[in-house]
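When we follow the numbering used here, the leftmost residue of the sequence shown carries the number 11, and every step to the right adds one.
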Amino acid sequence: MTIGFDGIRTVNSDSELSYYDRLLISSLGMEHPRDSFMVYTPENSSDRGLSWLLSIASVHLKTPYKAFSKWLWRNRSGIFTDFYRHDVKVFHGLDSVLPSGHGKNKVRMVITVRDLTFKRFMNDYTWLEKLYRNSRISRACKRADRIIATSEYVKNAIINKYGTSDSKIDVIYTAFRDEYIENLGDDIFIQNTKGKYNLPSNFILAITNFDNLSNMETLYKAFAKIDNKKIDLLIIGKKNAHYQQLKRLAEKLNIDERIVRVSSVNKHNFMCLYALSKAFIDPSMADGMGQCVIEAMISGTPLIASDDGCHREIAKDAALYFDPKNEQQLVAHINTVLNNPDKCKTLTARGKELAATFTQKNLAQATMLTYNRARGKA
Numbered sequence: 011m012t013i014g015f016d017g018i019r020t021v022n023s024d025s026e027l028s029y030y031d032r033l034l035i036s037s038l039g040m041e042h043p044r045d046s047f048m049v050y051t052p053e054n055s056s057d058r059g060l061s062w063l064l065s066i067a068s069v070h071l072k073t074p075y076k077a078f079s080k081w082l083w084r085n086r087s088g089i090f091t092d093f094y095r096h097d098v099k100v101f102h103g104l105d106s107v108l109p110s111g112h113g114k115n116k117v118r119m120v121i122t123v124r125d126l127t128f129k130r131f132m133n134d135y136t137w138l139e140k141l142y143r144n145s146r147i148s149r150a151c152k153r154a155d156r157i158i159a160t161s162e163y164v165k166n167a168i169i170n171k172y173g174t175s176d177s178k179i180d181v182i183y184t185a186f187r188d189e190y191i192e193n194l195g196d197d198i199f200i201q202n203t204k205g206k207y208n209l210p211s212n213f214i215l216a217i218t219n220f221d222n223l224s225n226m227e228t229l230y231k232a233f234a235k236i237d238n239k240k241i242d243l244l245i246i247g248k249k250n251a252h253y254q255q256l257k258r259l260a261e262k263l264n265i266d267e268r269i270v271r272v273s274s275v276n277k278h279n280f281m282c283l284y285a286l287s288k289a290f291i292d293p294s295m296a297d298g299m300g301q302c303v304i305e306a307m308i309s310g311t312p313l314i315a316s317d318d319g320c321h322r323e324i325a326k327d328a329a330l331y332f333d334p335k336n337e338q339q340l341v342a343h344i345n346t347v348l349n350n351p352d353k354c355k356t357l358t359a360r361g362k363e364l365a366a367t368f369t370q371k372n373l374a375q376a377t378m379l380t381y382n383r384a385r386g387k388a
């Protein structure tokens, strides 16, 4: 069977969402080598980060065969010319975008919805962004043969906001990369990573987009109040306008010198950061995937997460939870993790047990089942 993907973000972006796209496609390629996976994009990319994905024999990058307009090719019926040439049976809109029309042969349509934060946090988006996102996802949900939600939290949001039938939605969780387990016992690799990024000896880890949903203000305020003043806070995230606001807050709280900021980390090294940290904290709100939560658990890192989004759904009893606006709860949990080794052992053991189910194999098998359901084969 040939599966097509909307690959504009997969190819031309380096965000958390593009990472999910690449993780999914590579998982399918490795677990189903007899099938073909076509990644459609209006134009090629010089991003060599794609090399590990395109090294899989069944994964192919495809640009328009004929296209007067690349936008029209992606969003209208033009792309069906390529579907016909490649005998595509299912098209997967990874960005909740589906082309209009059906082409000569009926191509089944699947979309993935990761979050509906623009519905809940209206003030964080312009009216034009809200209009576009809402229109795009609403149309795609109606048109799709199957919908993949990355958590029950997202599934319920789709049902509540768009009135979509429960029977049309499959919940498929994301996964950790297989190499995370492979590298866990490699002390040399871990220490080399520590030197490469000049990491502090003792630190708490957080990963952020430096936006309002990341809720870093609560983390900064809590970090200023913890008992241990000799531990650092390592923040991974690209700088933006909101970053400057947070830096001013850190200076006001007298913690700026204890915050280590790294703009980006190679995905191959992320496991090391989790493994070296004393705790991983995810204070974000409305998280619909829980990618970092899963990676922290499989790395054996004590986990503290906001009780919002899909965190509790994924981590269950393997984390300490706090109200995302209650810094005192977060202070107490950080102190517990830093001062109670027995509690940490309990959390990490349970975390590894739960995370072991979020494999690339399970992700690929569940997704292939959705494709077959879209075709009426399951």
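Virtual Cβ for every residue (Gly too), placed ideally from N, Cα, C. For clarity, every value in this text was computed on a predicted model and none was experimentally measured.
Same chain, Cβ closer than 7 Å to residue i, five either side skipped, listed in chain order
i, result
"residue 228", "293, 334, 335, 337 and 340"
"residue 176", "169"
"residue 385", "99, 100 and 118"
"residue 360", "327 and 328"
"residue 63", "32, 35, 36 and 69"
Minimum Cβ-Cβ distance from residue i to chain B less than 8 Å
i, result
"residue 72", "Structure shown: chain B not included; a single protein chain is present."
Contacting residues, own chain, Cβ-Cβ under 8 Å from residue i (five flanking each side not counted)
i, result
"residue 380", "120, 156, 158, 180 and 182"
"residue 13", "38, 45, 46, 47, 48, 98, 99, 100, 101, 102 and 381"
"residue 287", "213, 214, 215, 244 and 311"
Distance, residue j Cα to residue i Cα
i, j, result
"residue 376", "residue 203", "33 Å"
"residue 30", "residue 195", "25 Å"
"residue 280", "residue 305", "9 Å"
"residue 355", "residue 370", "26 Å"
"residue 18", "residue 52", "7 Å"
"residue 60", "residue 349", "42 Å"
"residue 321", "residue 259", "26 Å"
"residue 151", "residue 26", "22 Å"
"residue 248", "residue 254", "11 Å"
"residue 357", "residue 332", "15 Å"
"residue 220", "residue 291", "14 Å"
"residue 264", "residue 353", "29 Å"
Residues near residue i by beta carbon distance below 6 Å, same chain, minus five either side
i, result
"residue 246", "217, 272 and 275"
"residue 124", "160, 298 and 299"
"residue 324", "300 and 303"
"residue 117", "93, 98 and 101"
"residue 318", "295 and 334"
"residue 122", "104 and 158"
"residue 193", "199 and 281"
"residue 252", "220 and 221"
Closest residue to residue i among the options (Cα-Cα distance)
i, options, result
"residue 74", "205, 89, 193 and 64", "89"
"residue 383", "321, 154, 137 and 199", "154"
"residue 363", "307, 291 and 172", "307"
"residue 162", "147, 143, 184 and 146", "184"
"residue 178", "165, 171 and 187", "165"
"residue 186", "70, 367, 234 and 144", "367"
"residue 261", "167, 251, 205 and 231", "231"
"residue 233", "106, 344, 16 and 388", "344"
- Query: In chain order, which beta strand (DSSP E) runs of at least 3 residues are fully inside the segment 174-258?
  - Reply: With a minimum length of 3 residues, the continuous beta strand (DSSP E) runs that stay inside the segment 174-258 are 179-181, 213-217 and 242-246.
- At least 3 beta-carbon pairs within less than 8 Å: the segment 266-285 vs the segment 196-213: Two segments are said to touch when three or more pairs of C-beta atoms, one from each, lie closer than 8 Å; by this definition the segment 266-285 touches the segment 196-213.
- Task: Write down every uninterrupted run of the beta strand (DSSP E) in the segment 319-384 whose length is 3 residues or greater and which is fully enclosed by it, in chain order.
- Result: Runs of the beta strand (DSSP E) lying entirely within the segment 319-384, each at least 3 residues long, are 329-332 in chain order.
- Message: Across the segment 90-99 and the segment 38-53, are there enough close Cβ pairs to call them in contact, namely three or more that are closer than 8 Å?
- Response: Yes, the segment 90-99 touches the segment 38-53.
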